[in-house]
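K.L.:
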Amino acid sequence: MSGTTSEVPDAAGALGSRRRRSAWDRAARGSVPYWLILPVAVAMVAILAYPLYQLIVISFQKYGLFELIRHAGTWIGLANYSSILHDPVFWNTVVRTIVFTIVNVGLTMLFGTLIALLLVRISTVMRILLTAGLMLVWAMPVVVAVQVWYWMTNFENGVLNYALTKLGVGDFFHHDWYVTPTSQLGMVTSLIVWGAIPFIVVAVYAGLAQVPDELVDAAEVDGARPWQVFLDVTFPVLKPIFLILTSLSIIWDFGVFTQPFLLIGESHVSTSNYLMGIYLYEEGYAKSDFGRGAAISVLMLLMVAGLSFFYVRKMWRTEDVA
Amino acid sequence: MSAASEIALTEHDPHAVDRKAVRSRRARRRRMGRTGWNLVAALVLVVMVFPVYWMIATAFKPTDDINGINPTWVPWHPTLQHFRDAMNHAYFWTDVKNSLIIVGFSVLLAIVLAFLAAIALAKYRFSGAKLFLLLVLGIQMLPAIGLIIPLYVVLAKYHLTNTLTGVILVEMTFVLPFAIWMLRGFILGIPKELEEAAMVDGSSRVGAFFRILLPLVAPGLVATSVFVFITVWNEYIFANVLLSDQSKQTVTIWLSTFYGTSRNTDWGGLMAGATLTAIPVVIFFLIVQRKIAFGLTAGAVKG
Numbered sequence: 011m012s013g014t015t016s017e018v019p020d021a022a023g024a025l026g027s028r029r030r031r032s033a034w035d036r037a038a039r040g041s042v043p044y045w046l047i048l049p050v051a052v053a054m055v056a057i058l059a060y061p062l063y064q065l066i067v068i069s070f071q072k073y074g075l076f077e078l079i080r081h082a083g084t085w086i087g088l089a090n091y092s093s094i095l096h097d098p099v100f101w102n103t104v105v106r107t108i109v110f111t112i113v114n115v116g117l118t119m120l121f122g123t124l125i126a127l128l129l130v131r132i133s134t135v136m137r138i139l140l141t142a143g144l145m146l147v148w149a150m151p152v153v154v155a156v157q158v159w160y161w162m163t164n165f166e167n168g169v170l171n172y173a174l175t176k177l178g179v180g181d182f183f184h185h186d187w188y189v190t191p192t193s194q195l196g197m198v199t200s201l202i203v204w205g206a207i208p209f210i211v212v213a214v215y216a217g218l219a220q221v222p223d224e225l226v227d228a229a230e231v232d233g234a235r236p237w238q239v240f241l242d243v244t245f246p247v248l249k250p251i252f253l254i255l256t257s258l259s260i261i262w263d264f265g266v267f268t269q270p271f272l273l274i275g276e277s278h279v280s281t282s283n284y285l286m287g288i289y290l291y292e293e294g295y296a297k298s299d300f301g302r303g304a305a306i307s308v309l310m311l312l313m314v315a316g317l318s319f320f321y322v323r324k325m326w327r328t329e330d331v332a
Numbered sequence: 016m017s018a019a020s021e022i023a024l025t026e027h028d029p030h031a032v033d034r035k036a037v038r039s040r041r042a043r044r045r046r047m048g049r050t051g052w053n054l055v056a057a058l059v060l061v062v063m064v065f066p067v068y069w070m071i072a073t074a075f076k077p078t079d080d081i082n083g084i085n086p087t088w089v090p091w092h093p094t095l096q097h098f099r100d101a102m103n104h105a106y107f108w109t110d111v112k113n114s115l116i117i118v119g120f121s122v123l124l125a126i127v128l129a130f131l132a133a134i135a136l137a138k139y140r141f142s143g144a145k146l147f148l149l150l151v152l153g154i155q156m157l158p159a160i161g162l163i164i165p166l167y168v169v170l171a172k173y174h175l176t177n178t179l180t181g182v183i184l185v186e187m188t189f190v191l192p193f194a195i196w197m198l199r200g201f202i203l204g205i206p207k208e209l210e211e212a213a214m215v216d217g218s219s220r221v222g223a224f225f226r227i228l229l230p231l232v233a234p235g236l237v238a239t240s241v242f243v244f245i246t247v248w249n250e251y252i253f254a255n256v257l258l259s260d261q262s263k264q265t266v267t268i269w270l271s272t273f274y275g276t277s278r279n280t281d282w283g284g285l286m287a288g289a290t291l292t293a294i295p296v297v298i299f300f301l302i303v304q305r306k307i308a309f310g311l312t313a314g315a316v317k318g
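Residue numbers (the numbering used here), protein chains in the order written: chain A, 11 to 332; chain B, 16 to 318.
So, in structure tokens, the structure goes:
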């Protein structure tokens, strides 16, 4: 709003003499962008910068329900951090989350790339059908997808159990997928990978359009095998896209919360299947130990910031911002 | 088709026998390969879409078909009973209303604020612009779960927990940066000459803005609004943490607590509820998916 008012002298200047629109006008015009970003800047300070400052303060405090009500914590120095860093649950959770992230990102990238390569090789009708199907999957809200997964994998009459048994994979009649941590996290992985594939396919497929046909033709005429063509011609062109997509996926999967929390179920999450997000939620929010939760948040945000640094730098270079 | 034209072309070229042989061999292999790849694609399509199909099919099936040991693959006897049950389920309409209020105000707030900032970032050069963009890009990478503790504590301080206002404010954390990034991309896509032409015609910069820029950027505004709509409608983490009062919760919370603690899950009702929750998102998403894909990948693909 304030941005528009400060442009008024600008409009008047166009009608007035050349001389008058010099110094003062330039200064007014120079301030326009600052007025335009001011509302957003104020909003981001209020809803992000100030809470982040509070986060760091609280992480050095004892801050439970009592402190929440009187809006002030008690300073306890590094006690929260030392209790977390001496907690084997924290370290187990970190390792589990890293393994979980590697598996999820690996599978997402693998299937996403394979389907994108498949899209190039199929008939137009099939390509339209498959793209429409992928869009439908992309559009599914996470909470909805969780419920569908829960229904498809329930031990009484889940369709997954039926299909696996009929296909001769084994006897899955009344098999409960939500008993062991590996199986629980495996189900979460299948849900995450399924939901993440469409974005990867669209991005990689768009990147494939940049691979010069002549190069592929030349390589094929020279007798290159399909995988050689992929490694020597396609992959180098796609490399920047792969880097960005992989780092994005790592950041997303490392901080994942909704899928494991709802699919495993709050009553079934435990120290044996914690991922970072759930560990933070249970230790900080659910137990109303906000000080300890804040310290976990700080550690988690630092890990993600380390991962994001690479992504932002890469995105920055490809965007070539003016 | 392209294979046929390749052969037709090379027939007139006597020196290209070698190439012709290689090419027609490849063309034949490709034609045969294509059928195989189409089959693979059909399989991929079935596997990917099956969960969505199964949700809708279950929602329309009679309860006896749902609970049978052998699955009924197609709802031959469709019923709307589960949709009626879901809509009569406690708090459905209250939560739809809450979601719509939160979504409506979030879209309004995010679009107005982000549009102003996007104009500044796309149309002006000013010191600090780079830093601002860097922050916009970096903030989107923060995991929402990492912010629940400070946002909860700060909102509690201002008595905004358990209020729709609090949720609307918190949604801005992630919605604003993305809206700015997306709108900036759309504004940058407008040719500068158009705006300059309008200014030469005697329009002021403000006039040029309203007559030229706004109509051109309107599709971008619509796409960004839809994106904000979808994000906020789907949001679960903040709403779950902030809204404890059942009469104030959103549709995603409603759906996630549908089966509650009872062992006998009403699968038909749950899938009908899931379908109802997904419908607005799917419709909007399919309308603007090209633009959203553009917004997400613009930077990645250009490189």
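Positions of the beta carbon are idealized from the N, C-alpha and C atoms, including for glycine.
#1: When Cβ atoms are compared, which residues of the stretch 287–314 of chain A fall closer than 7 Å to chain B?
#2: With a cut-off of 8 Å, do at least 3 Cβ pairs link the stretch 236–245 of chain B to the stretch 188–205 of chain B?
#3: Is there a C-beta anywhere in chain A that falls below 8 Å from the one on Asn177 (chain B)?
#4: With the cut-off set at 8 Å, would you say Ile86 (chain A) and Phe70 (chain A) are in Cβ contact?
#5: Going by Cα to Cα distance, which pick from A:Tyr188, A:Ile125, A:Val314 is closest to Ile261 (chain A)?
#6: Give the residues of chain B in contact with Leu119 (chain A), contact being defined as C-beta atoms less than 9 Å apart.
#7: Below 7 Å between beta carbons is the criterion; list the residues of the stretch 165–181 of chain A that meet it against any residue of chain B, in chain order.
#8: Work out the CA separation of Trp196 (chain B) and Val151 (chain B) for me, nearest whole Å.
#9: Terminal residues of the continuous alpha helix (DSSP H) containing Glu13 (chain B)?
#10: Taking any Cβ of chain B, which residues in the stretch 268–284 of chain A have a Cβ under 9 Å from it, in chain order?
#11: Quick one: which chain A residues come within Cβ less than 7 Å of Trp52 (chain B)?
#12: Have a look at Leu272 (chain A) and Val221 (chain A) and give me their C-alpha separation to the nearest angstrom.
#13: Find the residues of chain B that neighbour Gly265 (chain A), judging by a C-beta separation of less than 7 Å, and give them in chain order.
#14: Pull out every residue of the stretch 76–102 of chain A whose Cβ sits closer than 7 Å to any Cβ of chain B, in chain order.
#15: Measuring straight from C-alpha to C-alpha, what distance separates Leu317 (chain A) and Val115 (chain A)?
#16: Ordered along the chain, which non-local residues of its own chain (more than five positions away) have a Cβ less than 7 Å from that of Leu285 (chain B)?
#17: Measure from the alpha carbon of Val214 (chain A) to the alpha carbon of each residue in A:Val189, A:Leu201, A:Asp186, A:Ile251, then state which is nearest.
#18: Would you tell me roughly how many angstroms separate the C-alpha atoms of Leu146 (chain B) and Ser259 (chain A), rounded to the nearest one?
#19: Residues of chain A with CB closer than 8 Å to the CB of Ser271 (chain B), please, in chain order.
#20: For Phe300 (chain B) and chain A, any beta-carbon pair shorter than 8 Å?
#21: Mind the definition here: the stretch 125–144 of chain A touches the stretch 49–57 of chain B only if three or more C-beta pairs lie below 8 Å; say whether that holds.
#22: Just the chain B side, please: which residues come within less than 8 Å of Ala234 (chain A) by C-beta, in chain order?
#23: In its own chain, which residues sit with a C-beta less than 8 Å from the C-beta of Ser193 (chain A), not counting the 5 before and 5 after it?
#24: Starting from the Cα of Glu331 (chain B), find the closest Cα among A:Leu65, A:Val158, A:Met150 and give me that residue.
#25: With 8 Å set as the bound, which would you pick, yes or no: does the beta-carbon of Met6 (chain A) sit closer than that to a beta-carbon of chain B?
#26: Within this structure, are the beta carbons of Phe300 (chain A) and Val168 (chain B) separated by less than 8 Å?
#27: Rounded C-beta distance between Trp69 (chain B) and Val158 (chain A)? I'm assuming under 8 Å.
#28: If you measure from the beta carbon of Ile183 (chain B) to each beta carbon in chain A, is any gap under 8 Å?
#29: If contacts are defined as beta-carbon pairs under 8 Å, then Lys324 (chain A) and Leu253 (chain A) qualify, I think. What distance do you get, rounded to the angstrom?
#30: Taking 8 Å as the CB-CB cut-off, is Lys76 (chain B) touching chain A?
#31: According to DSSP, is Trp187 (chain A) helix, strand or coil?
#32: Taking all protein chains shown into account, decide if Lys207 (chain B) is buried (16 or more other Cβ within 10 angstroms of its Cβ) or exposed.
#33: Nearest chain A C-beta to Ile117 (chain B) closer than 8 Å, yes or no?
#34: Distance cutoff 8 Å, beta carbons only. Does Val256 (chain B) sit that close to anything in chain A?
#35: Identify the contact partners of Leu191 (chain B) in chain A, using a Cβ-Cβ distance below 8 Å as the criterion.
#36: At the 8 Å Cβ level, is Pro93 (chain B) part of the contact set with chain A, yes or no?
P.N.:
Checking against the coordinates, here is how it stands:
#1: So the list reads Gly287, Leu290, Tyr291, Gly294, Tyr295, Phe300, Gly303, Ala304, Ser307, Met310, Leu311, Val314, given in the order they occur along the chain.
#2: Flag = yes, the stretch 236–245 of chain B and the stretch 188–205 of chain B touch.
#3: With 8 Å as the cut-off, Asn177 (chain B) does not count as an interface residue toward chain A.
#4: One thing to note: Ile86 (chain A) has its Cβ within 8 Å of the Cβ of Phe70 (chain A).
#5: Nearest of A:Tyr188, A:Ile125, A:Val314 to Ile261 (chain A), Cα basis: A:Val314.
#6: Checking the sequence, you will find Met at residue 119 (chain A) rather than Leu. Neighbours of Met119 (chain A) across chain B, judged by C-beta separation under 9 Å, do not exist; the nearest C-beta is about 14 Å away.
#7: Across the stretch 165–181 of chain A, CB contacts with chain B closer than 7 Å involve Asn167, Val169, Tyr172, in sequence order along the chain.
#8: Spanning the two alpha carbons is a distance of roughly 7 Å.
#9: Outside the displayed range of chain B (16 to 318) lies residue 13 (chain B), so it cannot be described from this structure.
#10: So the close ones are Thr268, Phe271, Leu272, Ser277.
#11: Ordered by position in chain A, the residues that pass the 7 Å Cβ test against Trp52 (chain B) are Leu128, Arg131, Ile132.
#12: Their Cα atoms are separated by approximately 41 Å.
#13: In chain order: Pro158, Ile160, Gly161.
#14: Result list: Leu78, His81.
#15: Rounded to the nearest angstrom, the two C-alpha atoms are 14 Å apart.
#16: So the list reads Phe273, Tyr274, once near-sequence residues are dropped.
#17: Across the set A:Val189, A:Leu201, A:Asp186, A:Ile251, the C-alpha of A:Ile251 shows the shortest separation from the C-alpha of Val214 (chain A).
#18: Taking the straight line from one Cα to the other gives about 24 Å.
#19: Chain A residues near Ser271 (chain B): Val153, Val156, Gln157, Leu272.
#20: Closer than 8 Å: yes.
#21: Contact between the stretch 125–144 of chain A and the stretch 49–57 of chain B is present, because at least three Cβ pairs lie under 8 Å.
#22: Per Cβ cutoff of 8 Å: no residues; Ala234 (chain A) is ~12 Å from chain B at best.
#23: If we look at Ser193 (chain A) and ignore the five residues flanking it on each side, its Cβ neighbours are Trp187.
#24: Since the first and last residues shown for chain B are 16 and 318, residue 331 (chain B) lies out of range.
#25: For residue 6 (chain A) there is no data in the structure shown, the boundaries of chain A being 11 and 332.
#26: Yes; because the gap between Cβ atoms is below 8 Å, this pair is in contact.
#27: A Cβ-Cβ separation of about 7 Å places Trp69 (chain B) in contact with Val158 (chain A) under the 8 Å criterion.
#28: No - not a single Cβ of chain A is within 8 Å of the one on Ile183 (chain B).
#29: Contact holds; Cβ gap of about 6 Å.
#30: For Lys76 (chain B), no CB of chain A lies under 8 Å from its own CB, so it is not counted at the interface with that chain.
#31: Coil.
#32: Burial state of Lys207 (chain B) is exposed, judged by a 10 Å Cβ sphere holding fewer than 16 other Cβ atoms.
#33: No, Ile117 (chain B) lies away from the interface with chain A (no Cβ there is under 8 Å from its Cβ).
#34: Chain A contact via Cβ: present.
#35: Correct list: Val50, Ala53, Met54.
#36: Taking CB atoms only, Pro93 (chain B) has no neighbour in chain A less than 8 Å away.
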